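This note's numbering runs 889 ahead of the 1-based position in the sequence shown. Where is the CB? At the ideal position from N, CA and C, for every residue including glycine. Small disclaimer: the values here were computed from a predicted structure and weren't measured. This report refers to the structure that appears directly beneath it.
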Amino acid sequence: MVILAIGVTLSVWSILRMLHENRGHRLHWWRTPPVNPRNVDLSRAVGIPTTIFGALTIWLNTAGSAPWWLAAAFAAILIALFEATVAIHNIRLNQRVQGAESSISG
């Protein structure tokens, strides 16, 4: 549980820091963000494998009592949360840009 908590904390911190550093930039799905601080890469590189290792360790230790799909559901939820935060970031950025354009032209 401790390994999983450390991994999730590092992963979430890296995502939040990436969103903060790229406040005025659109984030692309399959490319490196425009502003990519080194410590974000390091925490993501440690956090994601640590999260996976912690989840798999818990799953393997409870294999007789927990269904196998719980690990897959947990991974899917983490991926969906990351994708949702990037989508929300880009939507908010588009709204700010459109708001700024309408105030300039208005």
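Subject >> Euclidean distance between Cα positions of residue 909 and residue 986 >> reply: So the two alpha carbons sit approximately 17 Å from each other.
Subject >> Cβ pair residue 931, residue 978 closer than 8 Å >> reply: no
Original post:
Nearest to residue 947 by CA position, among 969, 974, 963, is which residue?
Top reply: Checked all of 969, 974, 963; the closest Cα to residue 947 is 963.
Original post:
By the 10 Å Cβ neighbour count, where 16 or more other Cβ atoms means buried, how is residue 939 classified, buried or exposed?
Top reply: The residue is buried, with at least 16 neighbouring Cβ atoms inside 10 Å.
Original post:
What residue from 895, 901, 906 has the CA that sits closest to residue 966's CA?
Top reply: For residue 966, the nearest C-alpha among the options comes from 901.
Original post:
To the nearest whole angstrom, what separates the beta carbons of residue 904 and residue 974, a pair I think is in contact under 8 Å?
Top reply: Between residue 974 and residue 904 the Cβ distance is about 6 Å, and since that is below 8 Å, they are a contact.
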